[in-house]
Amino acid sequence: MSRRREIAALLLAGLLLAHGPAFGADALNVYVGQGQMPFADDKPDNRGLFGDLMAELCRRLQRECHYHSVPWKRVQLEVADDPRGIVLNLGRTAEREPGFVWLLEVLPTSYVLASPRRRFDSLGEALAAGPLVVMGGTPRAQEALALRQAGQTVVEVTDPQQAARMLHGGRVLAWYEIDLRVHYLWRSLGYAADSMQTGEPVASTLSYIAGSPVLADAPALGQEMRQAFAAMRGDGSWRRILARHLGDELAARLAIP
Numbered sequence: 003m004s005r006r007r008e009i010a011a012l013l014l015a016g017l018l019l020a021h022g023p024a025f026g027a028d029a030l031n032v033y034v035g036q037g038q039m040p041f042a043d044d045k046p047d048n049r050g051l052f053g054d055l056m057a058e059l060c061r062r063l064q065r066e067c068h069y070h071s072v073p074w075k076r077v078q079l080e081v082a083d084d085p086r087g088i089v090l091n092l093g094r095t096a097e098r099e100p101g102f103v104w105l106l107e108v109l110p111t112s113y114v115l116a117s118p119r120r121r122f123d124s125l126g127e128a129l130a131a132g133p134l135v136v137m138g139g140t141p142r143a144q145e146a147l148a149l150r151q152a153g154q155t156v157v158e159v160t161d162p163q164q165a166a167r168m169l170h171g172g173r174v175l176a177w178y179e180i181d182l183r184v185h186y187l188w189r190s191l192g193y194a195a196d197s198m199q200t201g202e203p204v205a206s207t208l209s210y211i212a213g214s215p216v217l218a219d220a221p222a223l224g225q226e227m228r229q230a231f232a233a234m235r236g237d238g239s240w241r242r243i244l245a246r247h248l249g250d251e252l253a254a255r256l257a258i259p
C-alpha cells in the first residue's frame with residue numbers, strides 16, 4: 003500500500019472511531035403526548051420547550067430521533083416496552099419512579115390552583131367551593147378524585163386548553179394544573195394576566211426527559227444528554243428556547259441552574 007493510501011486509511015479509521023457510536027446507534031423513538039404545551043406537542047412548527055430541547059439534544063448527540071404523537075393517557079403504555087423509547091415529558095413522582103429511567107432533569111414545576119374569582123391554597127378548599135377541572139390521566143386527576151366528597155365535582159378533560167377555556171368562561175371555579183402551563187395557556191389565549199389568581203403550590207416536582215424502563219444503554223445516553231444540556235445552558239440556547247415559549251422574564255428566572 004502506498005504511503006498516501008496508508009494515510010487515507012488511517013484518517014478514515016479515525017473518523018469512524020470518532021463518529022461511529024453516534025452514527026451507528028439505533029434511532030430513538032420520542033413519544034409526545036398530544037396537547038402538552040408549553041412542554042411538548044406533536045406539531046412540527048411548535049413542539050414545545052421539551053420538544054425543541056429534545057430536537058437540539060438529538061442534533062448535538064448525532065442521534066436520529068423519530069417522533070410519535072400519542073394521546074397522553076397512552077404515552078406511558080406505549081413507551082414501557084420500547085428499548086429505544088423516550089417520553090416528553092414527565093414529572094418525577096414516587097408512583098412513577100420505578101416505571102422509567104430518569105435521563106435528564108430539566109425544570110422545577112409546581113401544581114397550583116388557578117381561579118379568576120379567588121385564591122385557593124388547597125385542593126380541599128377548591129373542591130368545597132365549586133367545580134374543579136383537571137387533565138385526565140394525570141397524578142393531579144387521581145389526587146383530586148381521591149379527595150372528592152359527595153356533592154363535589156371534578157371535571158376531567160383531554161386537552162388543557164379546554165380546561166383554560168372552561169375556567170375563563172365560568173363553567174368551573176378552579177383549575178388544578180402545572181404553574182407553567184397555566185401561565186402559558188392564559189397568555190397564549192389572550193386572557194388578561196390580572197384576571198386569574200393562583201394560590202400557594204399544592205405540590206412541587208421536577209420535570210424530566212424520561213426513558214423506557216428497558217431503554218438500551220440508558221446510563222450512557224443519560225450522561226451524554228446531561229453534558230449536552232450543560233453546554234446549552236452555557237451558550238444560551240436553552241434560555242432562547244424558554245423565551246420562545248414562556249417569554250423573556252420567566253425564561254431569565256428558569257434558565258438559572
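Just so you know, the sequence shown maps onto residues 3 to 259 in this note's numbering. Glycine included, C-beta positions come from ideal geometry on N, C-alpha and C.
query = What's the gap between the Cα of Trp188 and the Cα of Ala194?
reply = Computed Cα separation, rounded: 8 Å.
query = Leaving out the 5 sequence neighbours to the left and right, which residues in its chain are closer than 6 Å to Leu109 when beta-carbon positions are compared?
reply = The residues are Ser209.
request  = Look at Thr95 and Pro133 and say whether their C-beta atoms are less than 7 Å apart.
outcome  = No.
When Ala205, His170, Ser71 and Asp44 are compared against Asp196, the one with the closest alpha-carbon = The option with the nearest alpha carbon to Asp196 is His170.
inquiry  = In the DSSP output, which residue or residues are listed as bridge partners for Cys60?
reply    = Under DSSP, no beta-bridge partner is assigned to Cys60.
key: Pro110 - DSSP class collapsed to helix/strand/coil   = If DSSP states are grouped into helix, strand and coil, Pro110 belongs with the strands.
message = Does Arg7 come out as helix, strand or coil in the three-state DSSP assignment?
response = Confidence is the limiting factor: at Arg7 the pLDDT is only 48, short of 50, which leaves the residue's position unreliable, though a coordinate-based value still follows. Three-state result, Arg7: helix.
query = Measuring CB to CB, does Ala165 end up less than 7 Å from Val135?
reply = Cβ distance < 7 Å, so Ala165 and Val135 count as in contact.
request  = Indicate the three-state DSSP secondary structure (helix, strand or coil) for Tyr193 in the structure shown.
outcome  = Tyr193 carries a coil assignment under DSSP once its states are collapsed to helix, strand and coil.
inquiry  = Using a 10 Å radius around the Cβ and a threshold of 16 neighbouring Cβ atoms, would you call His68 buried or exposed?
reply    = The residue is exposed, with fewer than 16 neighbouring Cβ atoms inside 10 Å.
ask   = Is Ile88 buried or exposed, if buried means 16 or more other CB atoms sit within 10 Å of its CB?
value = With 16 or more Cβ atoms within 10 Å of its Cβ, Ile88 is classed as buried.
request  = Give the secondary structure of Phe25 by DSSP, where H, G and I count as helix, E and B as strand, and everything else as coil.
outcome  = Here Phe25 scores only 43 on pLDDT, less than 50, and its place in the model should not be relied on; the value that follows carries that caveat. Here Phe25 sits in helix by DSSP.
ask   = So which of Ala29, Leu59 and Arg120 has the shortest CA-CA distance to Ile211?
value = The residue with the shortest Cα to Cα distance from Ile211 is Leu59.
task = Go ahead and label Asp43 buried or exposed: buried means 16 or more other beta carbons lie within 10 angstroms of its beta carbon, across all protein chains shown.
result = A buried status is given to Asp43, since no fewer than 16 other beta-carbon atoms sit within 10 Å of its beta-carbon.
request  = Counting only runs of 4+ residues fully inside the segment 151–232, write out the alpha helix (DSSP H) ranges in chain order.
outcome  = Counting whole runs of 4 or more residues, the segment 151–232 contains the alpha helix (DSSP H) stretches 162–170 and 181–190.
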